[in-house]
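Read through the structure below, which is laid out as structure tokens, and then see the notes.
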Amino acid sequence: MGTTLAICRRELRAYFTTPLAYVFIVIFVAMNGATAFFFGGLFDRGQADMTSLFSMLPWLYLFLIPAVAMRLWAEERKSGTLELLMTLPVSTTSAVFGKFLAAWVFSGIALSLTFPVWVTVNWLGNPDNGIILASYIGGLLMAGSYLAIGGFVSALTKNQVIAFVVGAAVIFLFMMSSLDLILAAFRGWAPVFLVEVIQSLSFLVHYDSIVRGVIDLRDLVFYFSIMGVFLFANVVVVDQKRGA
Amino acid sequence: MSDLLRVIGLTKKFGDFTAVDGIDFSVARGEVLGFLGPNGAGKTTAMRMVTGFLPPTGGTAIVDGFDVRTHPIEVKRKVGYLPEGAPLYDDMTPREFLTFVADVRNIDRSDRDKAIDSAADRINIQHVMHQPIGTLSKGYKRRVGIAQAILHNPDVLILDEPTDGLDPNQKHEVRKLINEMASDKVIVISTHILEEVDVVCSRAIVIANGRVVADGKPQELEARSSFHNAVSVRVSGVPDSLTDKLLALPMVEKVESSEIGDGQVSLTVFPRGPVNILETVSECLKELAVTVEQIHVERGKMDEVFRNITTSPKS
Chain A
1 MGTTLAICRR ELRAYFTTPL AYVFIVIFVA MNGATAFFFG GLFDRGQADM TSLFSMLPWL
61 YLFLIPAVAM RLWAEERKSG TLELLMTLPV STTSAVFGKF LAAWVFSGIA LSLTFPVWVT
121 VNWLGNPDNG IILASYIGGL LMAGSYLAIG GFVSALTKNQ VIAFVVGAAV IFLFMMSSLD
181 LILAAFRGWA PVFLVEVIQS LSFLVHYDSI VRGVIDLRDL VFYFSIMGVF LFANVVVVDQ
241 KRGA
Chain B
1001 MSDLLRVIGL TKKFGDFTAV DGIDFSVARG EVLGFLGPNG AGKTTAMRMV TGFLPPTGGT
1061 AIVDGFDVRT HPIEVKRKVG YLPEGAPLYD DMTPREFLTF VADVRNIDRS DRDKAIDSAA
1121 DRINIQHVMH QPIGTLSKGY KRRVGIAQAI LHNPDVLILD EPTDGLDPNQ KHEVRKLINE
1181 MASDKVIVIS THILEEVDVV CSRAIVIANG RVVADGKPQE LEARSSFHNA VSVRVSGVPD
1241 SLTDKLLALP MVEKVESSEI GDGQVSLTVF PRGPVNILET VSECLKELAV TVEQIHVERG
1301 KMDEVFRNIT TSPKS
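Same order as they appear, the protein sequences are chains A and B. The first sequence begins at 1 in our numbering and counts up by one. The second sequence begins at 1001 in our numbering and counts up by one.
Okay, structure coming up:
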């Protein structure tokens, strides 16, 4: 546990000692504001809620989260520090978990900086703060699952650009899996239950119900399973890649 | 077994290529083992397996009773390791970096600063502790890497080319440090600077093509040289008959001579078999009334031995 936290602290510090953290946070908050006010029509809707912000969040995350995750392993592999890290008394599991945790905390910090929008809607009206809290939790869970996928992809390569592009593509497939775009490719030949499984893997479906204020156990299980599966795959890849 | 580090049949294959081919050796506390070999011989791969970074294809390494395949974490706790090229986190300062390593190694908070200061002190990096590692010179980076390896006062210290990129003064310091630490540890250093073997190592292993081709004290390796016990002289006022006279001596195998200007000649007299010919040669020179500018017995040339055993055709 101590080593996991030590790794998490180091990673978190690494975000903030490079411009990455500040660039990311500024762009994230600015784009959240912009999409919420302009595309989401925060004011035009005439309702005191944050739906406009949270409905755009999955799309912002689609390309911002892979940018957070891409360096996690690719950078260590490229600079050779992976050898340093993996010859310290650290299990692969705690290294993977420590890195993931740092990235998750970092994206949580960025998400929390959208609080001025929350202040604004509370100033202007009486929003249902329960729904807003649920939405923040949904946003965090989504960030966590995107990060687990992004971290896994990052462990596959030493090239951060590849880690970014492939990570975003995989996340996009998961997002779209409830739409005909993906399902049509399976309907022709796959059994119905498989199509339903694929459909149920969609981030958007599970996210939508949380954002409406309903935190269903099944949705929580879904997000934590995604994180669990990809973190496990991450451990396997880090171990395998060392062997080759 | 009192040997702190035992390597047994260690093998690594990358596809069809065998990088390390069943190497065996043991090192006891107090020994400084020089790991020699041409580039690509398998030194780094072997070190990576011993330190638990690469899983071996066959064989294993045992550190203080712990098998690296089954107890990698225990092995890593006991080992300090400087990887090849001393990779470091460039965005951290040495103090942040060493603090991180201390935390990961579970060094108590109360002892942490003391351990960091003492390591920094020994390797002379105190005045750069607050500069980002990325901005440091190659010599400093290497030393930060060494500081990281000795931070927890490990029983087994494995250094892959510790003096690479250091200037002569820094090399001297690192060698001094290795000698100071040697008494209660196992230290393994890889190098291709052969003079280093003489200065710091109590034993040397030469590997070529993934196999151990020589294992012994540096002096024993030097004794394999054709220059071993040869007498080198620098003389002036040489009569033509000198070479013939020397060759006529029963203990002399051959004589090489070369003009070095100013009427001086440099001669190397090789003995026939393992005998000391210094006295015989100097008497011969006295008889001929040659002025001797310099005379000494060669111990053997490490680079010649190295070349011979690493390039000899495989049986």
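Built from N, CA and C at the ideal position, the CB exists for glycine as well. If you're wondering where the values come from, they're calculated on a predicted model, not measured in any experiment.
Check, Outcome
"With 7 Å as the C-beta to C-beta threshold (strictly closer), list the residues of the segment 1101-1128 of chain B near chain C in chain order.", "No chain C appears in this structure, whose protein chains are A and B."
"If I measure Cβ to Cβ from residue 1155 of chain B and keep anything under 7 Å in the same chain, skipping five residues before and after, which residues do I get?", "1004, 1064, 1078, 1185, 1186"
"Using a Cβ-Cβ cutoff of 7 Å, what residues of the segment 75-92 of chain A are near chain B? List them in chain order.", "79, 80, 81, 83, 84, 86, 87, 88, 89, 90, 91"
"So with CB distances below 7 Å, who are the chain B contacts of residue 10 of chain A?", "1100"
"Counting along the chain, where does the beta strand (DSSP E) carrying residue 1291 of chain B start and finish?", "1291-1297"
"Spell out whether any CB of chain A is found under 7 Å from the CB atom of residue 1362 of chain B.", "Only positions 1001 to 1315 of chain B appear in this structure, which leaves residue 1362 of chain B out of reach."
"Chain A beta carbons: is any one of them nearer than 7 Å to that of residue 1060 of chain B?", "no"
"Classify residue 1235 of chain B as buried or exposed, calling it buried when 16 or more other Cβ atoms lie within 10 Å of its own Cβ.", "buried"
"Quick one: what's got a C-beta closer than 6 Å to residue 155 of chain A's C-beta in the same chain, skipping five residues either side?", "73, 234, 237, 238"
"Compare the C-alpha of residue 1150 of chain B against each of B:1170, B:1299, B:1090, B:1076 and name the closest.", "B:1076"
"List the endpoints of the continuous alpha helix (DSSP H) containing residue 5 of chain A.", "2-17"
"If we ignore side chains and look at the alpha-carbon of each, how far apart do residue 1272 of chain B and residue 1251 of chain B end up?", "5 Å"
"Tell me the rounded alpha-carbon separation between residue 120 of chain A and residue 38 of chain A.", "15 Å"
"Evaluate the contact criterion for the segment 156-171 of chain A versus the segment 127-140 of chain A: three or more CB pairs, one atom per stretch, below 8 Å.", "no"
"Is residue 1315 of chain B helix, strand or coil by DSSP?", "The predicted position of residue 1315 of chain B is uncertain, since its pLDDT is 40 and thus under 50; a value taken from the coordinates is nonetheless stated next. Three-state DSSP puts residue 1315 of chain B in coil, outside helix and strand."
"From residue 1131 of chain B to residue 1094 of chain B, what distance separates their C-alpha atoms?", "7 Å"
"Give a yes or no on whether 7 Å exceeds the smallest Cβ distance from residue 1091 of chain B to chain A.", "yes"
"Could you tell me which chain A residues have their CB closer than 8 Å to the CB of residue 1154 of chain B, listed as they occur along the chain?", "Within 8 Å Cβ-Cβ: nothing; residue 1154 of chain B doesn't reach chain A, min ~11 Å."
"Determine the closest residue to residue 1275 of chain B out of B:1258, B:1249, B:1288, with distance taken between C-alpha atoms.", "B:1249"
"By the criterion of Cβ-Cβ separation under 8 Å, what are the contact partners of residue 1083 of chain B in chain A?", "80, 83, 84, 87"
"Taking the alpha-carbon positions, what's the residue 1030 of chain B to residue 1042 of chain B distance?", "25 Å"
"Fully enclosed by the segment 1117-1205 of chain B, which alpha helix (DSSP H) runs are 4 residues long or longer?", "1138-1150, 1168-1181, 1194-1200"
"With burial defined as no fewer than 16 other Cβ atoms inside 10 Å of the residue's Cβ, what is the status of residue 1035 of chain B: buried or exposed?", "buried"
"With a threshold of 16 other CB atoms inside 10 Å of the CB of residue 1210 of chain B, please say whether the residue is buried or exposed.", "buried"
"Note down, in chain order, every chain A residue with its Cβ under 7 Å from the Cβ of residue 1076 of chain B.", "87, 88, 89"
"Please name the residue, chosen from B:1103, B:1202, B:1167, B:1166, that lies closest to residue 1182 of chain B on a Cα-to-Cα basis.", "B:1202"
"How would you label residue 10 of chain A, buried or exposed, when you count the other beta carbons within 10 angstroms and need 16 or more for buried?", "buried"
"Could you please tell me which residues of the segment 1037-1053 of chain B, in chain order, have their CB closer than 9 Å to any CB of chain A?", "1048, 1051, 1052, 1053"
"Within its chain, find whatever has a CB closer than 8 Å to the CB of residue 1314 of chain B; leave out the 5 residues flanking it on each side and keep chain order.", "Here residue 1314 of chain B scores only 48 on pLDDT, less than 50, and its place in the model should not be relied on; the value that follows carries that caveat. Excluding positions up to five away in sequence, the list reads 1209."
"What does a CB cutoff of less than 7 Å around residue 1193 of chain B pick up in its chain, not counting 5 residues either side in sequence?", "1163"
"Identify the contact partners of residue 1088 of chain B in chain A, using a Cβ-Cβ distance below 8 Å as the criterion.", "81, 84"
"Would you say residue 35 of chain A lies against chain B (beta-carbon separation less than 7 Å)?", "no"
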